[in-house]
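Read top to bottom, the protein sequences are chains A and B.
If you're matching positions, the first sequence starts at 577 in my numbering and goes up one per residue.
If you're matching positions, the second sequence starts at 60 in my numbering and goes up one per residue.
Here a beta-carbon is modelled for each residue, glycine too, at the ideal position from N, C-alpha and C.
What follows is a short report on a single structure.
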Amino acid sequence: MNLRCVWVLMLRYVFIYRRSTVRLLEVFFWPGVGLLVWGYVTRFIQSAGQGELPHFITFLIGAMILWDILFRAQQGVVLSFLEDVWSRNLPNIFCAPVRLREYILAMFLFGLLRVGAALTFLVLLAWVLYHFSLFTLGFALLPFIANLLVFGLALGVITVAIIIRFGQGAEPLAWAIPFIIQPFAAVFYPVSILPAAMQLPSLAIPGTHVFEGMREVIRTGRLSWEHVGWAMALNIIYLGVAMWLLVRMFNLARVKGSLGKWGMQ
Amino acid sequence: MPRAPEAIVRVQDLTKVFDGLTAVDHVSFSVARGEIVGMLGANGAGKTTTLQMLLGLIRPTSGRIEIFGQEFERNRIAILRRINFASVGVNLPLNLTVEQNLWVFARLYGVQNVSTRIDDLLHLSEIAHLRRAVTGKLSSGELTRLNLCKALLNCPELLLLDEPTASLDPDIADKVRKWLRQTQREQGIAMIFTSHNMREIEEVCDRVLFMQKGRVIAEGTPTQIIARFGTQNLEEAFIRIARSGEVVAEGNDP
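See the structure below:
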């Protein structure tokens, strides 16, 4: 692993974002809109329930912010890759002395930066608008965020692998994949609400255990290590499968000649 | 007896088959240090596929690629540090400045004295005044020169150029050719060069590989190729081969 390569590739993304107001806005705009809509919807439901739903706003805003961490981590990896596809720069990267793992790590680190920026913005906005502090989750916040970041990385790597395999026609998956998972991941509701047939697939998703764990912390004040353990174990499996898939799809793209088609015709 | 120049590229029986279609068919050639080899052929002749295999973008179906005496697949990263490429279809990120793009690739290739190297290349390519310009605002001639700067950043021993002067006006194309020739003379870089501009190939290349339907059908200096096909120039030879529709076996009369 050449850390200089990783650092330079990551800085390159910083340069791209620093020069693009549209990209910078995108980091803050959609999370901000989501928080505004969900925040006021839950406030309305809570007021209609005349105080019968004490944890509602905390559940939903907490879920919304944590979901955004997962989504931004996945997007950080995928959009960084797509930047190279869109600018027809991919052959320059893969013909330079850069290993695939260095490239992926750079995308992930840049994804972390994006998540950090969006998270800071959301935490401030939620506190100002709804007097909701994500830090009420206390120490539990750390394992939750760490697990969501790793799961987002795994999803991002899987998405990149699919795009490498099926070409630019598969680009819409960059945005679709997290939302395919969302109904199963029990983001805004507990697993028990799902039909029995959906519960097992739901429990096989690392994110599910984070969101279940978050609700338990808000409800009882206790951190469920069982959920944290499941999330970690599943994340190890997901990340392993994602990396295996990426290497396999990359090698397949070299066999089929599709890597060169992103630029050299 | 003078010693034969050292071959830094050796390609043996290189073959690439895509879903039953043979794009490159048992191609063998070598390139000596400091030599400029032109690859000619109609669209679909297998030139770009061959270049992409030399760069590791495509994995060969069979055959062997040896660069600097090392088998390519096993020593990919070490070899890629010493070679570079530019292609008409490949760009640097358009929203970075010229300087940022060159800085990134200089660092990726582990170039020493990055700032001096970038200065030198920008001056040689006559785009020093564009150092802080956004890449997306450059003209196609300036973009081509920037891509060539990137390709020369690491003082490569082997440079692969896929139609480097396509879409350039004759004045800029001439400047680029002269610059490449000068660089090759000063640094002893070996180059593999594809182009559809036959005059350019005659002017720049020491040796030519004529490809048709994935095979090398003729090889020699531009003068030898012209003599062999009994034509006035390389362009006529090209047209004759392209329109024959048949593979001309090497060594046989066309």
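Straight-line Cα distance separating residue j from residue i
| i | j | result |
| --- | --- | --- |
| residue 826(A) | residue 740(A) | 7 Å |
| residue 174(B) | residue 249(B) | 25 Å |
| residue 161(B) | residue 77(B) | 35 Å |
| residue 185(B) | residue 234(B) | 10 Å |
| residue 643(A) | residue 674(A) | 32 Å |
| residue 218(B) | residue 97(B) | 12 Å |
| residue 301(B) | residue 136(B) | 37 Å |
| residue 215(B) | residue 169(B) | 12 Å |
| residue 212(B) | residue 65(B) | 23 Å |
| residue 819(A) | residue 753(A) | 17 Å |
| residue 306(B) | residue 121(B) | Low per-residue confidence applies at residue 306(B): pLDDT is 49, beneath 50, and the placement is therefore not dependable, though the value from the model is reported in the following sentence. Approximately 21 Å, taken between the alpha carbons. |
| residue 782(A) | residue 598(A) | 32 Å |
| residue 258(B) | residue 647(A) | 54 Å |
| residue 297(B) | residue 222(B) | 16 Å |
| residue 167(B) | residue 580(A) | 8 Å |
| residue 712(A) | residue 800(A) | 15 Å |
| residue 811(A) | residue 652(A) | 18 Å |
| residue 282(B) | residue 159(B) | 43 Å |
| residue 765(A) | residue 834(A) | 42 Å |
| residue 837(A) | residue 113(B) | 15 Å |
| residue 264(B) | residue 696(A) | 58 Å |
| residue 798(A) | residue 751(A) | 34 Å |
| residue 286(B) | residue 266(B) | 14 Å |
| residue 87(B) | residue 275(B) | 8 Å |
| residue 769(A) | residue 613(A) | 23 Å |
| residue 308(B) | residue 108(B) | Because the pLDDT at residue 308(B) is just 46, under 50, the model does not fix this residue reliably, and the point stays unresolved. |
| residue 182(B) | residue 204(B) | 11 Å |
| residue 621(A) | residue 807(A) | 31 Å |
| residue 539(A) | residue 151(B) | Chain A is shown only over 577 to 841; residue 539(A) falls outside these bounds and no answer can be derived. |
| residue 658(A) | residue 260(B) | 36 Å |
| residue 841(A) | residue 148(B) | Caution applies to residue 841(A), whose pLDDT of 49 falls short of 50 and renders its modelled position unreliable; the model cannot decide the point. |
| residue 745(A) | residue 709(A) | 41 Å |
| residue 57(B) | residue 649(A) | Here chain B comprises residues numbered 60 to 313, so residue 57(B) is not present and cannot be evaluated. |
Range covered by the beta strand (DSSP E) that runs through residue i
| i | result |
| --- | --- |
| residue 69(B) | 66 to 77 |
| residue 252(B) | 249 to 253 |
| residue 122(B) | 121 to 126 |
| residue 143(B) | 142 to 146 |
| residue 232(B) | No beta strand (DSSP E) holds residue 232(B); the alpha helix (DSSP H) holding it covers 229 to 246. |
| residue 221(B) | 217 to 221 |
Terminal residues of the alpha helix (DSSP H) in which residue i lies
| i | result |
| --- | --- |
| residue 683(A) | 676 to 706 |
| residue 591(A) | 579 to 594 |
| residue 809(A) | 801 to 832 |
| residue 106(B) | 106 to 114 |
| residue 668(A) | 666 to 670 |
| residue 618(A) | 597 to 624 |
| residue 135(B) | 135 to 139 |
According to DSSP, residues forming a beta bridge with residue i
| i | result |
| --- | --- |
| residue 648(A) | None, per the DSSP bridge assignment. |
| residue 95(B) | 250(B) |
| residue 89(B) | 69(B) |
| residue 80(B) | 77(B) |
| residue 130(B) | 125(B) |
Supposed close pair residue i, residue j - CB separation, criterion 8 Å
| i | j | result |
| --- | --- | --- |
| residue 125(B) | residue 69(B) | 4 Å |
| residue 719(A) | residue 804(A) | 5 Å |
| residue 195(B) | residue 154(B) | 6 Å |
| residue 767(A) | residue 788(A) | 6 Å |
| residue 842(A) | residue 637(A) | The first residue shown for chain A is 577 and the last is 841, placing residue 842(A) beyond what the model contains. |
| residue 731(A) | residue 645(A) | 12 Å between Cβ atoms; not a contact. |
Tell me the start and end of each unbroken beta strand (DSSP E) in the segment 708 to 791 of chain A that is at least 3 residues and wholly inside, in chain order.
Counting only unbroken stretches of 3 or more residues, no beta strand (DSSP E) element lies wholly within the segment 708 to 791 of chain A.
Unbroken stretches of the beta strand (DSSP E), 3 residues or longer, contained in the segment 245 to 304 of chain B:
249 to 253, 266 to 271, 274 to 279
If you scan the segment 147 to 172 of chain B from start to end, which runs of the alpha helix (DSSP H) of 4 or more residues do you find wholly inside it?
Residue ranges of uninterrupted alpha helix (DSSP H) with 4 or more members, entirely inside the segment 147 to 172 of chain B and ordered along the chain, are 157 to 167.
Run through the segment 167 to 206 of chain B for me and flag every whole alpha helix (DSSP H) of 4 or more residues, listed as ranges in chain order.
Taken in chain order, the complete alpha helix (DSSP H) segments of 4 or more residues contained in the segment 167 to 206 of chain B are 173 to 183.
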